[in-house]
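Right, one structure below, let's go through it.
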Amino acid sequence: MIHQSWQDKKTIKTVTCIHTNAAKYMVDRVLTEGKTYEVKNETEEFYFVVDNSGRVGGFYKEYFQDPGN
0 MIHQSWQDKK TIKTVTCIHT NAAKYMVDRV LTEGKTYEVK NETEEFYFVV DNSGRVGGFY
60 KEYFQDPGN
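For the sequence shown, numbering that gives the first Met the number 0 gives the first residue as 0, with consecutive numbering after it.
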């Protein structure tokens with residue numbers, strides 16, 4: 000269960016939240032537009048970041064801007 004140790008894992012990179020306009024979920028409760036977040040894991044579709052609650056959550060990449068791209 001690798002997801003249980005993500006909180007302590009080294010940060011891969013940082014990304015900036017560019018919007019919280021989610022069609023299905025209320026991401027504005029745990030993400031803030033303009034704030035930079037630490038990426039702990041990444042898949043093709045998601046970033047797993049330390050959100051405003053202090054926990055690692057998975058969010059679609061469309062909510063973020065990667066300064067490396």
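Don't be surprised by glycine CBs; every beta carbon is placed ideally from N, CA and C.
Source: prediction; values computed, not measured.
Does the beta-carbon of Met0 have 16 or more other beta-carbons within 10 angstroms, so that it is buried, or is it exposed?
-> If you number the sequence shown from 1, residue 0 lands on position 1. Unreliable positioning characterises Met0 in this predicted model, as indicated by a pLDDT of 48, which lies under 50. A coordinate reading is not provided.
Classification of Tyr62 by the beta-carbon crowding that lies within 10 angstroms, buried from 16 upward | What you label residue 62 is simply residue 63 of the sequence shown in a count that begins at 1. Per the 10 Å Cβ criterion, buried.
Kindly indicate which three-state DSSP category Val26 falls into: helix, strand or coil?
-> The residue given as residue 26 occupies position 27 in the sequence shown. If DSSP states are grouped into helix, strand and coil, Val26 belongs with the helices.
Three-way DSSP call (helix, strand, coil) for Glu61 in this model = Indexing the sequence shown from 1 puts residue 61 at position 62. In the structure shown, the three-state DSSP call for Glu61 is helix.
Measure the C-alpha to C-alpha separation of Val49 and Gly67 and round it to an integer number of angstroms.
-> Start at 1 with the first residue of the sequence shown, and residue 49 comes out as number 50. Start at 1 with the first residue of the sequence shown, and residue 67 comes out as number 68. Note on geometry: alpha-carbon atoms of Val49 and Gly67 lie some 19 Å from one another.
Among residues of its own chain, excluding the 5 on either side of Lys39, which ones have a beta-carbon nearer than 6 Å to its beta-carbon?
-> Here residue 39 refers to the residue found at position 40 of the sequence shown. For Lys39, where only same-chain residues beyond five positions count, the Cβ hits under 6 Å are Trp5, Lys8, Phe47 and Val55.
Beta-carbon spacing of Thr19, Glu32 below 7 Å = Position 20 of the sequence shown holds residue 19. Position 33 of the sequence shown holds residue 32. Against a cut-off of 7 Å, the Cβ pair of Glu32 and Thr19 comes out as a contact.
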